[in-house]
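Step one of this worksheet: look at the structure below.
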Amino acid sequence: MRLSSLFIVVGTFLAAAAVSFIAAYFSVRLVEESSIAGVERRLADDGVTWASVDANGLQVFVIGTAPTEAERFRALSLAGTVVDAARVIDELQVADSAALEAPDFSIEILRNDEKISLIGLVPTNYEIDNFIEIVTDIAGGENNVSNLLEMANFPTPDGWDRAIRFSTRALEELPRSKISINAEVVAVKAMTDSAAAKDRIEGLLTRTAPEDISLELDLEAPRPVVTPFVLRFTKTADATGFDSCTANTEAARDQILAAAKAAGLEGDATCQIALGSPSKEWGKATSAAIKAVGDLGGGEVTFTNADIALLALEGTEAALFDTVVGKLENALPEAFVLDAVLPETPDPEQDQGPIEFVATRSPEGTVQLRGRINSETARSTAENYARARFTSSDVTVGTRVDPDLPADWSSRVLAGLEVLSMLANGSIVVTPEQMQVTGDTGDQNAEANIAGVLADKLGADSFVLNLTYKEKLDPTLGIPTPEECVAQITTIIGDRKITFEPGSATLDLSAKDILDELAELLTLCGDIPLEIQGHTDSQGRELMNEQLSQERAQSVLNALRDRRVFTSSYRAKGYGEVNPIATNDTEEGREANRRIEFRLIEQESTENADETVEEGASDQAEGVTATDAGEGSDSEQN
-13 MRLSSLFIVV
-3 GTFLAAAAVS
7 FIAAYFSVRL
17 VEESSIAGVE
27 RRLADDGVTW
37 ASVDANGLQV
47 FVIGTAPTEA
57 ERFRALSLAG
67 TVVDAARVID
77 ELQVADSAAL
87 EAPDFSIEIL
97 RNDEKISLIG
107 LVPTNYEIDN
117 FIEIVTDIAG
127 GENNVSNLLE
137 MANFPTPDGW
147 DRAIRFSTRA
157 LEELPRSKIS
167 INAEVVAVKA
177 MTDSAAAKDR
187 IEGLLTRTAP
197 EDISLELDLE
207 APRPVVTPFV
217 LRFTKTADAT
227 GFDSCTANTE
237 AARDQILAAA
247 KAAGLEGDAT
257 CQIALGSPSK
267 EWGKATSAAI
277 KAVGDLGGGE
287 VTFTNADIAL
297 LALEGTEAAL
307 FDTVVGKLEN
317 ALPEAFVLDA
327 VLPETPDPEQ
337 DQGPIEFVAT
347 RSPEGTVQLR
357 GRINSETARS
367 TAENYARARF
377 TSSDVTVGTR
387 VDPDLPADWS
397 SRVLAGLEVL
407 SMLANGSIVV
417 TPEQMQVTGD
427 TGDQNAEANI
437 AGVLADKLGA
447 DSFVLNLTYK
457 EKLDPTLGIP
467 TPEECVAQIT
477 TIIGDRKITF
487 EPGSATLDLS
497 AKDILDELAE
507 LLTLCGDIPL
517 EIQGHTDSQG
527 RELMNEQLSQ
537 ERAQSVLNAL
547 RDRRVFTSSY
557 RAKGYGEVNP
567 IATNDTEEGR
577 EANRRIEFRL
587 IEQESTENAD
597 ETVEEGASDQ
607 AEGVTATDAG
617 EGSDSEQN
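Residue 553 in this note's numbering sits at position 567 of the sequence shown; the count goes up by one each step and never skips.
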């Protein structure tokens, strides 16, 4: 009985052990299969198709060959999101790097004068030290070079060395540039010092570029400052085109050329982009005037800053002329002034009047041309010559073409305009027999000088002089010297300021009185060589500051011209922010730097070239400053 009980107990334990073993076995298999399925599903969902999964108990094996080390790490990380990372066993290998595709090697060089930055990826076996040494020499020292290059262990691509050598040559020529390099393409984007430098460097790089390297050039030159800002468009039966074309922006240039093509221009035309336009709406004004010439069926239009001279062709219907001019006047921006002329068509059945050319100059400086001229070309030449000799806005043309005039008529007309410019006021009358010169002068030697000019050009018996010397016109009697004139501007200005509307080149209404007084002084001073300089503070972009300063200087010049000041020897020039007279770190300093200065041009080549008059400054005895109205910097007011 006792033996039976013992067998029963032992049997029970053995049965329990067998059941536990079987249960543990199937539990382990269940965990292994569940882990394998979960990890495989996770890898497949993330595109890891190159790895397989196995398990041994709680351990999960990730097996396979990863294309890169990063992919190996990603596969292990994904497996660790399904099971405990401690259970993941790494059985992965990484593919041989020699079998992988090489990366795109490239370098980007950024140069700003002596500062150079290098960014990119280069081959490990490339002699990069030699390249860095060359760049360091160009920069003037290793402290000026920022080296952010990285390396990869792949073969150097064909053409890489030639592209690098060519790029260092381009880097030497271009102190402000961005050069992008790879084995097949070198892209150069840079700002040159001038248009001539742009053409030179463009030609040099094009000639020296390796044949197997594609060169992409994007070179720009700074825009020149043009004064006066001129555009002249003509349309005749023979030709249509520009004698001169200037634009202030690329958009304005495109607008002008489009208007010219619509008016009949054939082929290509060029239009220089420059600083110095009298208005931001230059493109709108000029394109409207060109359209008017086209609508009239021909004629010519000349812009000299904001002054517009429109001359229709002889025979243009008066009704059409009135309609077109009316539309143009309504289309023009406020700053522009139009002088439109419709020449009278001669009636062959009526008396055509005397055969003569007459030019008159009033005491106020207004010049009128009328009478006969022998061709369209001669008329255009005479008009341009008169506008060059006198203030262009003061010249009015009312001549008509007569092809039957003597052959030397044009040269006699030009000689007459030359001597008229030597008079304070007067007239010249050109006839087939002789030239008659009448007028007033303040030069006691004027008669001898004029006689010498005409005798040389026309012959001794071809002119009659009737000149009157007037002491009040004599520049040597009681008229201040140019230096005294500039000094007297200080007295006129005093504590006042010539002001502009904030952020623009429009003169403030409060500047009227001071400009009237300046005009009275400068009229007395006569034809002195005066530069009106515009300056700004350093707020805002440098190019915009330069353009704003140019426009403000031009506004002052235009205001003086409108007051009948002889400004033929004046010039307006914008210097932007390059010549500060105070710190730009304070509002007071910025206010001082926003100014207009008057400087004698002849002083620029002397040791006293920096003697200017700055408004309100006791230590600057020969200059006047005009500033923005109100507070705030240029950038805040633009």
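Yeah, the Cβ is synthetic: ideal placement off N, Cα and C, and Gly gets one too.
Could you tell me the alpha carbon to alpha carbon distance between ALA233 and ALA275, rounded to whole angstroms? Taking the straight line from one Cα to the other gives about 14 Å.
Residue from LEU190, GLY285, GLU136 and PRO141 with nearest C-alpha to ARG153: Checking the sequence, you will find Ser at residue 153 rather than Arg. The alpha carbon of SER153 has as its nearest neighbour, out of LEU190, GLY285, GLU136 and PRO141, the alpha carbon of LEU190.
Tell me whether THR309 sits in a helix, a strand or coil according to DSSP, three-state version. Helix, per DSSP.
Buried or exposed by the 16-neighbour rule on C-beta atoms within 10 Å, applied to ALA56: A residue is called buried when at least 16 other Cβ atoms come within 10 angstroms of its Cβ; ALA56 does not meet this threshold and is exposed.
Coil, strand or helix - VAL327 by DSSP: Reduced to three states, the DSSP call for VAL327 is strand.
Tell me the DSSP secondary structure of LEU391 in three-state form. Three-state DSSP puts LEU391 in coil, outside helix and strand.
I'd like to check one pair, HIS521 with ASN570: are the Cβ atoms closer than 8 Å? Between ASN570 and HIS521, the CB-CB gap reaches or exceeds 8 Å.
CB-CB length for ALA441 against LEU493, believed under 8 Å: Rounded, the Cβ-Cβ distance is 47 Å, inconsistent with contact.
With the cut-off set at 8 Å, would you say GLY269 and THR235 are in Cβ contact? Yes, the pair counts as a contact, with Cβ atoms nearer than the cut-off.
With DSSP collapsed to three states, give me the class of MET408. Three-state result, MET408: coil.
Since I believe ALA295 is in contact with THR288 (beta carbons under 8 Å), could you give me their beta-carbon distance rounded to a whole number of angstroms? Confirmed, Cβ separation roughly 5 Å.
Pull up the DSSP beta-bridge partners for PRO208, would you. Note: PRO208 sits in no beta bridge, so no partner.
Let's test the definition: count the other Cβ atoms within 10 Å of the Cβ of SER535 and tell me whether it reaches 16, buried, or not, exposed. The residue is buried, with at least 16 neighbouring Cβ atoms inside 10 Å.
If we count the other Cβ atoms within 10 Å of its Cβ and call it buried at 16 or more, is THR553 buried or exposed? By the neighbour-count rule (16 or more Cβ atoms within 10 Å), THR553 is buried.
By the 10 Å Cβ neighbour count, where 16 or more other Cβ atoms means buried, how is MET421 classified, buried or exposed? MET421 should be labelled buried.
In the DSSP output, which residue or residues are listed as bridge partners for VAL108? MET137, per the DSSP bridge assignment.
Within this structure, are the beta carbons of SER273 and ALA292 separated by less than 8 Å? No, they are not a contact pair.
Assuming ILE199 is part of the beta strand (DSSP E), what are its boundary residues? Bounds of any beta strand (DSSP E) do not take in ILE199, whose DSSP letter is neither H nor E.
heavy atom of the ligand NAD below 7 Å from ARG527 C-beta: In the structure on display, the ligand NAD does not appear, and there are no ligands present to speak of.
Beta-carbon proximity of ILE124 to LEU157, cut-off 8 Å: Between ILE124 and LEU157, the gap from beta carbon to beta carbon is short of 8 Å.
Could you pull out every residue in the same chain whose Cβ sits closer than 6 Å to the Cβ of GLU537, ignoring the five residues on either side in sequence? In chain order, ALA491 place their CB closer than 6 Å to the CB of GLU537, counting only its own chain and leaving out the 5 sequence neighbours on each side.
Using CA atoms only, rank isn't needed, just tell me which of PRO389, LYS313, ILE587 and LEU529 is closest to VAL211. Looking only at PRO389, LYS313, ILE587 and LEU529, the smallest Cα-Cα distance to VAL211 is reached by LEU529.
Mapping the DSSP letters down to three states, classify ARG347 as helix, strand or coil. Strand.
Per DSSP, ASN98 is paired with what? In DSSP, ASN98 forms a bridge with LYS101 and ARG162.
Where does GLY625 fall in DSSP's three states? No answer is possible for residue 625: the residues shown for the chain start at -13 and end at 624.
Smallest Cα separation from LEU64: which of ARG28, ALA372, VAL39 and GLY357? Ranking the options by Cα distance to LEU64, first place goes to ARG28.
What is the DSSP secondary structure of ASN594, counted as helix, strand or coil? At ASN594 the pLDDT is 41, less than 50, meaning the model places this residue with poor confidence; the figure from the coordinates comes in the next sentence. Coil, per DSSP.
Ranges of the alpha helix (DSSP H) found wholly within the stretch 231 to 311, counting only runs of at least 4: Taken in chain order, the unbroken stretches of alpha helix (DSSP H) that lie wholly in the stretch 231 to 311 and span 4 residues or more are 236 to 248 and 268 to 282.
Skipping 5 residues on each side, what residues in its chain have a beta carbon closer than 6 Å to that of ILE120? For ILE120, the CB contacts under 6 Å within the same chain, skipping 5 residues up- and downstream, are THR154 in chain order.
With a threshold of 6 Å on Cβ separation, who are the neighbours of ILE500 within its own chain once the five nearest residues in sequence on each side are excluded? Same-chain partners within the cutoff: ARG482 and ILE484.
Within the same chain, show all residues whose beta-carbon is closer than 6 Å to that of PRO214, passing over the 5 residues directly before and after it, in chain order. For PRO214, where only same-chain residues beyond five positions count, the Cβ hits under 6 Å are THR290 and ASN291.
What number of angstroms, rounded off, separates the C-alpha of ARG585 from the C-alpha of VAL472? So the two alpha carbons sit approximately 8 Å from each other.
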